[in-house]
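Numbered by the numbering used here, the letters in the sequence shown go through residues 293 to 697 in order. Think of the CB as a built atom: it goes at the ideal place given N, C-alpha and C, for glycine as much as any other residue. In this text the structure is predicted, and so the values were computed from the model without any measurement. Shown next, in C-alpha coordinates, is the structure this report addresses.
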Amino acid sequence: MNPRRPPVLLVFALALAAAAPAVARALPAQAAPSPRATEWEVSAAPAYDALCLVGVLGGDPFYVRYFEETYRRFDARFTAAERDAFRAVKRILKDETAGIVSARLGLVFSAAEAGGLGAAPARARGSIAWLLRVARDPVRARAALARTPYWSEEGWAAYARARPHLVRALQALGRAGFEDFWERQARPRIERRIAELAPFLRAHDVVPAVEARLGKPLPSRRITVHVLAFARPHGIRIVGTRFLADVTFASDVMVRNAIHEMMHPPYDASRPELARAVAALGADPLVRARVEHHDRSFGYNTVEGYVEEDVVEAMEAVIADQLGVGRADQAGYWRTHDDGMHVLAAALYVELRRAEAAAGGPVVVPAFLVDAVRRGDLTGERLARTVEAFLGPGALAGAAAPAGR
(Lines of atoms letter the chains of each structure in order from A and count residues from 1; the text may use other names and numbers.)
(Lines give C-alpha, C1' and ligand atoms only; values in the text may rest on other atoms or scores of the structure.)
Protein backbone atom coordinates (compact mmCIF):
# COMPACT_ATOMS: atom_id res chain seq x y z
CA MET A 1 0.00 0.00 0.00
CA ASN A 2 1.44 3.35 -1.05
CA PRO A 3 1.50 5.60 2.06
CA ARG A 4 1.61 8.74 -0.10
CA ARG A 5 -1.68 8.24 -1.88
CA PRO A 6 -4.73 10.35 -0.90
CA PRO A 7 -6.77 8.90 1.96
CA VAL A 8 -9.70 6.63 1.39
CA LEU A 9 -12.96 8.58 1.45
CA LEU A 10 -16.27 6.80 1.58
CA VAL A 11 -19.60 8.52 1.11
CA PHE A 12 -22.72 6.43 1.43
CA ALA A 13 -26.27 7.66 0.88
CA LEU A 14 -29.06 5.92 2.75
CA ALA A 15 -32.71 6.06 1.80
CA LEU A 16 -34.76 5.55 4.94
CA ALA A 17 -36.98 7.99 6.84
CA ALA A 18 -38.37 8.32 10.35
CA ALA A 19 -41.74 9.87 11.05
CA ALA A 20 -43.77 10.80 14.12
CA PRO A 21 -46.72 13.16 14.63
CA ALA A 22 -45.99 16.78 15.44
CA VAL A 23 -47.41 18.65 18.44
CA ALA A 24 -46.98 22.43 18.55
CA ARG A 25 -45.50 23.64 21.84
CA ALA A 26 -42.81 26.02 22.97
CA LEU A 27 -40.80 22.85 23.49
CA PRO A 28 -42.28 20.27 21.09
CA ALA A 29 -43.25 17.03 22.80
CA GLN A 30 -43.24 14.73 19.78
CA ALA A 31 -41.12 14.60 16.69
CA ALA A 32 -42.12 16.00 13.31
CA PRO A 33 -41.56 13.78 10.26
CA SER A 34 -38.00 13.78 8.92
CA PRO A 35 -37.36 12.50 5.37
CA ARG A 36 -33.64 13.28 5.59
CA ALA A 37 -31.36 10.31 4.93
CA THR A 38 -27.88 9.97 6.34
CA GLU A 39 -24.78 10.38 4.21
CA TRP A 40 -21.65 8.86 5.74
CA GLU A 41 -18.21 10.31 5.06
CA VAL A 42 -15.29 8.42 6.57
CA SER A 43 -11.69 9.56 6.42
CA ALA A 44 -8.35 9.66 8.14
CA ALA A 45 -7.39 12.95 9.84
CA PRO A 46 -3.70 13.03 10.76
CA ALA A 47 -3.83 16.56 12.19
CA TYR A 48 -6.43 15.47 14.74
CA ASP A 49 -4.36 12.38 15.49
CA ALA A 50 -1.52 14.75 16.35
CA LEU A 51 -3.79 16.66 18.74
CA CYS A 52 -4.86 13.43 20.44
CA LEU A 53 -1.22 12.43 20.73
CA VAL A 54 -0.46 15.72 22.49
CA GLY A 55 -2.69 14.48 25.30
CA VAL A 56 -0.91 11.13 25.44
CA LEU A 57 2.57 12.67 25.43
CA GLY A 58 1.77 14.74 28.50
CA GLY A 59 2.54 11.52 30.37
CA ASP A 60 -1.01 11.01 31.65
CA PRO A 61 -1.25 7.34 32.74
CA PHE A 62 -4.93 7.35 31.78
CA TYR A 63 -3.89 7.58 28.10
CA VAL A 64 -0.35 6.17 28.12
CA ARG A 65 -1.75 2.72 28.98
CA TYR A 66 -3.37 2.60 25.52
CA PHE A 67 -0.31 3.80 23.58
CA GLU A 68 2.75 2.81 25.60
CA GLU A 69 4.96 1.95 22.64
CA THR A 70 4.19 5.20 20.82
CA TYR A 71 4.63 7.18 24.02
CA ARG A 72 8.08 5.68 24.61
CA ARG A 73 9.11 6.23 21.00
CA PHE A 74 8.37 9.95 21.02
CA ASP A 75 9.28 10.68 24.63
CA ALA A 76 12.79 9.34 23.99
CA ARG A 77 13.23 11.89 21.19
CA PHE A 78 12.17 14.95 23.19
CA THR A 79 14.36 17.32 25.13
CA ALA A 80 13.51 18.07 28.75
CA ALA A 81 12.02 21.42 27.70
CA GLU A 82 9.85 19.71 25.10
CA ARG A 83 8.56 17.20 27.64
CA ASP A 84 7.71 20.10 29.91
CA ALA A 85 5.64 21.66 27.12
CA PHE A 86 3.47 18.56 26.73
CA ARG A 87 3.04 18.28 30.48
CA ALA A 88 2.07 21.94 30.74
CA VAL A 89 -0.70 21.45 28.17
CA LYS A 90 -1.99 18.50 30.18
CA ARG A 91 -1.76 20.40 33.46
CA ILE A 92 -3.70 23.40 32.17
CA LEU A 93 -6.37 21.68 30.08
CA LYS A 94 -6.96 18.68 32.32
CA ASP A 95 -5.68 19.16 35.86
CA GLU A 96 -6.55 22.83 36.31
CA THR A 97 -9.81 22.99 34.36
CA ALA A 98 -11.09 19.39 34.57
CA GLY A 99 -11.20 19.02 30.81
CA ILE A 100 -10.11 16.47 28.22
CA VAL A 101 -7.07 17.63 26.24
CA SER A 102 -8.02 16.02 22.93
CA ALA A 103 -11.62 17.24 23.14
CA ARG A 104 -10.69 20.85 23.93
CA LEU A 105 -8.07 21.00 21.18
CA GLY A 106 -10.38 19.26 18.71
CA LEU A 107 -13.06 21.91 19.20
CA VAL A 108 -10.66 24.82 18.76
CA PHE A 109 -8.99 23.49 15.63
CA SER A 110 -12.19 22.25 13.98
CA ALA A 111 -13.77 25.65 14.61
CA ALA A 112 -10.74 27.18 12.93
CA GLU A 113 -11.31 24.95 9.90
CA ALA A 114 -14.93 26.06 9.67
CA GLY A 115 -13.96 29.68 10.33
CA GLY A 116 -11.66 30.24 7.40
CA LEU A 117 -8.22 29.21 8.65
CA GLY A 118 -7.97 26.52 6.01
CA ALA A 119 -8.82 22.83 5.99
CA ALA A 120 -6.64 20.35 7.82
CA PRO A 121 -4.47 18.44 5.33
CA ALA A 122 -5.74 15.05 4.25
CA ARG A 123 -2.20 13.71 4.43
CA ALA A 124 0.19 13.76 7.34
CA ARG A 125 2.62 15.85 5.32
CA GLY A 126 1.82 19.45 6.19
CA SER A 127 -0.39 18.62 9.16
CA ILE A 128 2.02 20.01 11.77
CA ALA A 129 2.45 23.20 9.73
CA TRP A 130 -1.34 23.64 9.61
CA LEU A 131 -1.68 23.04 13.35
CA LEU A 132 1.03 25.59 14.06
CA ARG A 133 -0.60 28.12 11.75
CA VAL A 134 -3.86 27.84 13.67
CA ALA A 135 -2.14 27.86 17.07
CA ARG A 136 -0.31 31.06 16.11
CA ASP A 137 -3.52 32.84 15.08
CA PRO A 138 -5.55 33.01 18.31
CA VAL A 139 -7.58 36.03 17.21
CA ARG A 140 -9.22 34.27 14.27
CA ALA A 141 -9.42 30.95 16.11
CA ARG A 142 -11.24 32.65 18.98
CA ALA A 143 -13.69 34.36 16.66
CA ALA A 144 -14.39 31.07 14.88
CA LEU A 145 -15.02 29.15 18.11
CA ALA A 146 -17.25 31.94 19.44
CA ARG A 147 -19.63 31.32 16.53
CA THR A 148 -20.24 27.70 17.59
CA PRO A 149 -22.49 26.16 20.28
CA TYR A 150 -19.32 25.05 22.10
CA TRP A 151 -18.04 28.49 23.05
CA SER A 152 -17.28 29.27 26.67
CA GLU A 153 -15.12 32.01 28.16
CA GLU A 154 -13.64 29.55 30.63
CA GLY A 155 -12.78 27.03 27.94
CA TRP A 156 -11.11 29.64 25.77
CA ALA A 157 -9.19 31.07 28.71
CA ALA A 158 -7.77 27.62 29.43
CA TYR A 159 -6.76 27.17 25.80
CA ALA A 160 -5.17 30.62 25.76
CA ARG A 161 -3.02 29.72 28.77
CA ALA A 162 -2.01 26.42 27.20
CA ARG A 163 -1.39 27.82 23.71
CA PRO A 164 2.30 28.84 24.08
CA HIS A 165 3.09 25.39 25.45
CA LEU A 166 1.03 23.80 22.68
CA VAL A 167 3.09 25.61 20.04
CA ARG A 168 6.28 24.18 21.54
CA ALA A 169 4.72 20.71 21.79
CA LEU A 170 3.64 20.77 18.14
CA GLN A 171 7.09 21.91 17.08
CA ALA A 172 8.55 19.00 19.05
CA LEU A 173 6.16 16.54 17.38
CA GLY A 174 7.26 17.80 13.99
CA ARG A 175 10.95 17.61 14.86
CA ALA A 176 10.50 14.06 16.22
CA GLY A 177 9.08 12.85 12.90
CA PHE A 178 5.34 12.60 13.57
CA GLU A 179 4.35 12.97 9.93
CA ASP A 180 6.56 10.16 8.60
CA PHE A 181 5.66 8.00 11.59
CA TRP A 182 1.94 8.48 11.00
CA GLU A 183 2.20 7.64 7.29
CA ARG A 184 4.13 4.43 8.00
CA GLN A 185 2.45 3.21 11.17
CA ALA A 186 -1.07 4.65 11.24
CA ARG A 187 -2.30 5.16 7.68
CA PRO A 188 -2.30 1.51 6.51
CA ARG A 189 -4.46 0.19 9.34
CA ILE A 190 -6.75 3.24 9.27
CA GLU A 191 -7.38 2.76 5.55
CA ARG A 192 -8.14 -0.93 6.09
CA ARG A 193 -10.58 -0.05 8.86
CA ILE A 194 -12.31 2.58 6.73
CA ALA A 195 -12.87 0.02 3.97
CA GLU A 196 -14.32 -2.47 6.47
CA LEU A 197 -16.82 0.06 7.80
CA ALA A 198 -18.53 0.60 4.43
CA PRO A 199 -21.21 -2.10 4.44
CA PHE A 200 -22.02 -1.63 8.11
CA LEU A 201 -22.50 2.13 7.99
CA ARG A 202 -24.54 1.89 4.80
CA ALA A 203 -27.25 0.03 6.72
CA HIS A 204 -27.80 2.61 9.47
CA ASP A 205 -29.78 5.81 8.94
CA VAL A 206 -28.84 7.85 11.98
CA VAL A 207 -29.90 11.40 11.11
CA PRO A 208 -33.73 11.06 11.19
CA ALA A 209 -33.65 9.16 14.48
CA VAL A 210 -31.41 11.79 16.08
CA GLU A 211 -33.43 14.72 14.74
CA ALA A 212 -36.64 13.15 16.03
CA ARG A 213 -35.33 13.21 19.61
CA LEU A 214 -33.64 16.61 19.38
CA GLY A 215 -36.77 18.18 17.91
CA LYS A 216 -34.75 20.07 15.31
CA PRO A 217 -32.70 19.37 12.19
CA LEU A 218 -28.98 18.77 12.36
CA PRO A 219 -26.83 21.28 10.46
CA SER A 220 -26.19 18.65 7.80
CA ARG A 221 -27.39 15.16 6.94
CA ARG A 222 -23.76 14.20 6.29
CA ILE A 223 -21.95 12.65 9.26
CA THR A 224 -18.17 12.70 8.99
CA VAL A 225 -16.26 10.08 10.93
CA HIS A 226 -12.55 10.78 11.27
CA VAL A 227 -10.89 7.46 12.07
CA LEU A 228 -7.80 8.05 14.20
CA ALA A 229 -4.95 5.99 15.61
CA PHE A 230 -4.77 7.80 18.97
CA ALA A 231 -8.32 8.72 20.03
CA ARG A 232 -8.88 5.95 22.57
CA PRO A 233 -10.85 5.74 24.77
CA HIS A 234 -12.98 8.68 23.64
CA GLY A 235 -15.38 9.38 20.84
CA ILE A 236 -14.98 13.14 20.39
CA ARG A 237 -17.48 15.58 18.87
CA ILE A 238 -15.91 18.42 16.92
CA VAL A 239 -17.48 21.38 15.14
CA GLY A 240 -20.04 20.44 12.51
CA THR A 241 -21.59 17.01 12.12
CA ARG A 242 -18.17 15.44 12.62
CA PHE A 243 -16.56 13.30 15.27
CA LEU A 244 -13.29 11.55 16.02
CA ALA A 245 -13.22 7.79 16.63
CA ASP A 246 -10.43 5.33 17.29
CA VAL A 247 -9.41 2.78 14.68
CA THR A 248 -9.90 0.01 17.23
CA PHE A 249 -13.59 0.73 17.80
CA ALA A 250 -15.96 -1.99 16.59
CA SER A 251 -18.43 -1.15 13.82
CA ASP A 252 -21.47 -1.05 16.10
CA VAL A 253 -19.53 1.25 18.42
CA MET A 254 -18.86 3.58 15.48
CA VAL A 255 -22.60 3.84 14.82
CA ARG A 256 -23.34 4.44 18.50
CA ASN A 257 -20.60 7.09 18.56
CA ALA A 258 -22.25 8.79 15.59
CA ILE A 259 -25.63 8.76 17.33
CA HIS A 260 -24.08 10.03 20.54
CA GLU A 261 -21.85 12.78 19.20
CA MET A 262 -24.49 14.25 16.89
CA MET A 263 -26.68 14.97 19.94
CA HIS A 264 -24.20 17.18 21.81
CA PRO A 265 -25.57 19.55 22.99
CA PRO A 266 -29.01 17.90 23.32
CA TYR A 267 -30.82 21.06 24.44
CA ASP A 268 -30.41 24.80 24.82
CA ALA A 269 -29.28 25.05 28.43
CA SER A 270 -29.92 28.80 28.44
CA ARG A 271 -33.70 28.25 28.29
CA PRO A 272 -35.04 28.90 31.80
CA GLU A 273 -37.13 25.74 32.00
CA LEU A 274 -34.17 23.58 30.99
CA ALA A 275 -31.77 25.41 33.30
CA ARG A 276 -34.17 24.75 36.18
CA ALA A 277 -34.45 21.07 35.26
CA VAL A 278 -30.66 20.65 35.11
CA ALA A 279 -30.26 22.42 38.46
CA ALA A 280 -32.90 20.19 40.06
CA LEU A 281 -31.15 17.08 38.81
CA GLY A 282 -27.81 18.37 40.05
CA ALA A 283 -29.24 18.97 43.51
CA ASP A 284 -30.29 15.34 43.91
CA PRO A 285 -27.94 13.48 46.30
CA LEU A 286 -27.57 10.51 43.96
CA VAL A 287 -26.49 12.72 41.06
CA ARG A 288 -24.39 15.03 43.20
CA ALA A 289 -22.42 12.09 44.60
CA ARG A 290 -21.51 10.97 41.07
CA VAL A 291 -20.36 14.44 40.04
CA GLU A 292 -18.28 14.96 43.16
CA HIS A 293 -16.76 11.48 43.50
CA HIS A 294 -15.43 9.97 40.29
CA ASP A 295 -12.22 9.71 38.28
CA ARG A 296 -11.91 13.19 36.79
CA SER A 297 -10.12 11.75 33.77
CA PHE A 298 -13.55 10.64 32.52
CA GLY A 299 -14.71 14.27 32.28
CA TYR A 300 -18.20 15.31 33.39
CA ASN A 301 -16.80 17.24 36.32
CA THR A 302 -19.67 19.72 36.62
CA VAL A 303 -23.39 19.19 37.13
CA GLU A 304 -24.08 20.71 33.73
CA GLY A 305 -21.57 18.46 31.97
CA TYR A 306 -22.72 15.34 33.80
CA VAL A 307 -26.42 15.90 33.11
CA GLU A 308 -25.78 16.66 29.44
CA GLU A 309 -23.71 13.50 29.04
CA ASP A 310 -26.27 11.31 30.76
CA VAL A 311 -29.13 12.72 28.70
CA VAL A 312 -27.14 11.96 25.55
CA GLU A 313 -26.17 8.47 26.76
CA ALA A 314 -29.83 7.64 27.36
CA MET A 315 -30.87 8.99 23.95
CA GLU A 316 -28.03 7.07 22.32
CA ALA A 317 -29.20 3.81 23.91
CA VAL A 318 -32.82 4.31 22.82
CA ILE A 319 -31.84 5.14 19.23
CA ALA A 320 -29.30 2.32 19.09
CA ASP A 321 -32.06 -0.11 20.10
CA GLN A 322 -34.23 1.30 17.31
CA LEU A 323 -31.48 0.92 14.70
CA GLY A 324 -30.44 -2.57 15.76
CA VAL A 325 -27.07 -1.66 17.26
CA GLY A 326 -28.08 -1.60 20.92
CA ARG A 327 -25.94 -3.29 23.52
CA ALA A 328 -26.93 -6.82 24.53
CA ASP A 329 -26.63 -5.82 28.20
CA GLN A 330 -27.22 -2.08 28.53
CA ALA A 331 -27.53 -2.32 32.31
CA GLY A 332 -24.24 -4.21 32.51
CA TYR A 333 -22.58 -1.53 30.40
CA TRP A 334 -23.68 1.26 32.73
CA ARG A 335 -22.66 -0.71 35.79
CA THR A 336 -19.03 -0.63 34.62
CA HIS A 337 -18.71 2.26 32.12
CA ASP A 338 -16.74 5.15 33.66
CA ASP A 339 -16.74 3.21 36.93
CA GLY A 340 -20.54 3.13 37.02
CA MET A 341 -21.03 6.89 37.37
CA HIS A 342 -23.82 7.29 34.79
CA VAL A 343 -26.77 6.30 36.99
CA LEU A 344 -28.87 9.20 35.71
CA ALA A 345 -28.50 7.87 32.15
CA ALA A 346 -29.96 4.55 33.26
CA ALA A 347 -33.01 6.22 34.81
CA LEU A 348 -33.46 8.48 31.78
CA TYR A 349 -33.31 5.44 29.49
CA VAL A 350 -36.04 3.67 31.45
CA GLU A 351 -38.29 6.74 31.51
CA LEU A 352 -37.63 7.66 27.88
CA ARG A 353 -38.51 4.17 26.67
CA ARG A 354 -41.69 4.32 28.74
CA ALA A 355 -42.59 7.73 27.25
CA GLU A 356 -41.98 6.58 23.67
CA ALA A 357 -44.04 3.44 24.20
CA ALA A 358 -46.92 5.58 25.45
CA ALA A 359 -46.56 8.06 22.57
CA GLY A 360 -46.24 5.37 19.93
CA GLY A 361 -43.06 6.90 18.55
CA PRO A 362 -40.13 9.21 19.27
CA VAL A 363 -40.56 12.02 21.78
CA VAL A 364 -38.60 15.26 21.80
CA VAL A 365 -36.18 14.93 24.66
CA PRO A 366 -35.84 18.54 25.89
CA ALA A 367 -39.60 18.70 26.58
CA PHE A 368 -39.56 15.17 27.99
CA LEU A 369 -36.74 16.11 30.36
CA VAL A 370 -38.50 19.20 31.69
CA ASP A 371 -41.75 17.30 32.24
CA ALA A 372 -40.06 14.29 33.85
CA VAL A 373 -38.18 16.47 36.32
CA ARG A 374 -41.33 18.45 37.11
CA ARG A 375 -43.19 15.22 37.88
CA GLY A 376 -40.38 13.97 40.12
CA ASP A 377 -39.61 10.98 37.89
CA LEU A 378 -35.87 11.71 37.86
CA THR A 379 -35.19 12.90 41.40
CA GLY A 380 -35.54 11.67 44.97
CA GLU A 381 -36.95 8.27 45.80
CA ARG A 382 -38.31 7.70 42.28
CA LEU A 383 -34.83 8.16 40.79
CA ALA A 384 -33.26 5.84 43.37
CA ARG A 385 -35.91 3.15 42.81
CA THR A 386 -35.51 3.28 39.04
CA VAL A 387 -31.73 3.10 39.22
CA GLU A 388 -31.82 0.22 41.68
CA ALA A 389 -34.39 -1.72 39.64
CA PHE A 390 -32.43 -1.34 36.39
CA LEU A 391 -28.82 -1.49 37.57
CA GLY A 392 -29.12 -3.42 40.82
CA PRO A 393 -28.60 -2.42 44.47
CA GLY A 394 -24.86 -1.86 44.04
CA ALA A 395 -25.57 1.17 41.85
CA LEU A 396 -26.66 3.15 44.92
CA ALA A 397 -23.49 2.45 46.90
CA GLY A 398 -21.73 5.56 48.11
CA ALA A 399 -24.64 7.93 47.52
CA ALA A 400 -26.30 9.98 50.21
CA ALA A 401 -29.79 8.94 51.25
CA PRO A 402 -32.23 10.11 48.55
CA ALA A 403 -34.42 13.06 49.30
CA GLY A 404 -38.18 12.58 49.33
CA ARG A 405 -40.24 13.33 46.25
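Rounded C-beta distance between Val545 and Thr330? I'm assuming under 8 Å. The C-beta distance from Val545 to Thr330 rounds to 17 Å, too long to fall under 8 Å, and the pair is not in contact.
Report the rounded CA-to-CA distance for Ala504 versus Phe359, giving the unit in angstroms. The alpha-carbon separation between Ala504 and Phe359 amounts to approximately 38 Å.
Does the distance from the C-beta atom of Gly527 to that of Glu553 stay below 8 Å? In contact: Gly527 and Glu553 (Cβ atoms closer than 8 Å).
For Leu636 versus Asp602, is the C-beta distance shorter than 8 Å? Taking 8 Å as the Cβ cut-off, Leu636 and Asp602 qualify as a contacting pair.
Can you name, in chain order, every residue of its own chain whose Cβ lies under 6 Å from the Cβ of Phe682, other than the five neighbours on each side? Ala623, Ala638 and Val642.
Sorted by chain position, which residues of the same chain lie with C-beta nearer than 7 Å to Asp587's C-beta, five sequence neighbours on each side aside? Closer than 7 Å at Cβ, skipping near neighbours: Asp631.
Between which two residues does the alpha helix (DSSP H) containing Trp474 stretch? Element bounds for Trp474: n/a, residue is neither H nor E.
I'd like the list of long-range same chain contacts for Glu608, defined as Cβ closer than 8 Å, with 5 residues on each side in sequence excluded. Shown here for Glu608: same chain residues with a beta carbon closer than 8 Å to its own, the five before and five after excluded, namely Arg548, Ile551, His552 and Met555 in chain order.
Let's test the definition: count the other Cβ atoms within 10 Å of the Cβ of Ser562 and tell me whether it reaches 16, buried, or not, exposed. Ser562 comes out exposed.
Which value, in whole angstroms, describes the spacing of the CA atoms of Ser589 and Leu462? Straight-line Cα distance between these residues: approximately 23 Å.
Do three or more CB pairs link the region 377 to 387 to the region 335 to 353 at distances below 8 Å? With a cut-off of 8 Å, the region 335 to 353 and the region 377 to 387 count as touching, because enough Cβ pairs lie within range.
Looking at Val655: is its Cβ nearer than 8 Å to the Cβ of Glu648? Yes, they are a contact pair.
Can you list the alpha helix (DSSP H) stretches of 4 or more residues lying completely in the region 350 to 436, in chain order? You should have 353 to 356, 360 to 367, 372 to 382, 393 to 406 and 419 to 427.
Under a Cβ-count criterion, where at least 16 other Cβ atoms within 10 Å of its own Cβ denotes burial, should Asp497 be classed as buried or exposed? Counting Cβ neighbours within 10 Å, Asp497 comes out buried, since at least 16 surround it.
Give a yes or no on contact between the region 399 to 415 and the region 434 to 450, applying the rule of three or more CB pairs nearer than 8 Å. Three or more beta-carbon pairs separated by less than 8 Å link the region 399 to 415 to the region 434 to 450, which places the two stretches in contact.
Would Cys344 and Leu493 be called neighbours here (beta carbons separated by less than 8 Å)? In this structure, Leu493 does not lie closer than 8 Å to Cys344 by Cβ.
Check the C-beta distance from Ser335 over to His634 and give it rounded, since I have them as a contact under 8 Å. Their Cβ separation, rounded to whole angstroms, is 30 Å, which puts Ser335 and His634 out of contact at 8 Å.
Counting pairs of beta carbons, one from the region 427 to 435 and one from the region 476 to 490, are three or more of them closer than 8 Å? In short, these stretches do not touch, since the Cβ pair count stays below three.
Specify whether the region 410 to 420 and the region 464 to 474 touch according to this definition: at least 3 beta carbon pairs, one from each stretch, less than 8 Å apart. Yes, they touch.
Out of Ala395, Tyr340, Arg434 and Arg396, state which residue places its alpha-carbon closest to the alpha-carbon of Arg412. According to the sequence provided, residue 412 is Ala. The question's Arg does not apply to it. From the listed residues Ala395, Tyr340, Arg434 and Arg396, the smallest Cα separation to Ala412 is found for Tyr340.
Using the Cα positions of Ala390 and Gly591, report the straight-line distance between them to the nearest angstrom. Rounded to the nearest whole angstrom, the CA to CA distance from Ala390 to Gly591 is 7 Å.
Quick one, which of Ala342, Glu333 and Val356 has its alpha-carbon nearest Pro525's? Nearest Cα to Pro525 within the set Ala342, Glu333 and Val356: Val356.
Considering only the alpha carbon of each residue, which of Ala450, Val539 and Glu680 lies closest to Pro480? Of the residues Ala450, Val539 and Glu680, the one whose Cα lies closest to the Cα of Pro480 is Val539.
Between Val599 and Val570, is the Cβ-Cβ spacing less than 8 Å? Going by C-beta atoms, Val599 is nearer than 8 Å to Val570.
Pop quiz: Gly398 and Ile530 are said to be a contact at Cβ under 8 Å. What is the actual Cβ separation, rounded to whole angstroms? About 5 Å separates the beta carbons of Gly398 and Ile530, which is inside the 8 Å limit, making them a contact pair.
Assign His518 to one of three DSSP states: helix, strand, or coil. For His518, the secondary structure class from DSSP, reduced to helix, strand or coil, is strand.
Are Leu409 and Val459 touching if we call contact CB-CB under 8 Å? In this structure, Val459 does not lie closer than 8 Å to Leu409 by Cβ.
From Leu675, Asp387 and Glu374, pick the residue whose C-alpha is nearest to that of Pro353; which is it? Of Leu675, Asp387 and Glu374, the residue nearest in Cα terms is Asp387.
Cutting at 6 Å between CB atoms, please list the residues of its own chain near Thr678, excluding the five before and the five after it. Within the same chain, Thr678 has close Cβ partners Ala639 and Val642.
Using the DSSP secondary-structure output, state which residues sit across from Leu465 in a beta bridge. Its beta-bridge partners do not exist; DSSP assigns none.
Hey, would you say Thr671 sits closer than 8 Å to Ala572, going by beta carbons? Yes, Cβ-Cβ distance for Thr671 and Ala572 is below 8 Å.
May I ask which residues mark the beginning and end of the beta strand (DSSP E) holding Arg568? For Arg568, there is no enclosing beta strand (DSSP E); the residue is part of the alpha helix (DSSP H) that begins and ends at Pro564 to Ala575.
Which residue comes first and which comes last in the alpha helix (DSSP H) that contains Ser335? Counting along the chain, no alpha helix (DSSP H) covers Ser335; the unbroken beta strand (DSSP E) around it starts and ends at Glu331 to Ala336.
Can you grab the Cα-Cα spacing for the pair Phe370 / Arg364, in whole Å? The alpha-carbon atoms of Phe370 and Arg364 are separated by roughly 10 Å.
Chain B beta carbons: is any one of them nearer than 8 Å to that of Gly672? Chain labels in this structure do not include chain B; a single protein chain is all it has.
With H, G and I counted as helix, E and B as strand and the rest as coil, what does DSSP make of Arg677? Reduced to three states, the DSSP call for Arg677 is helix.
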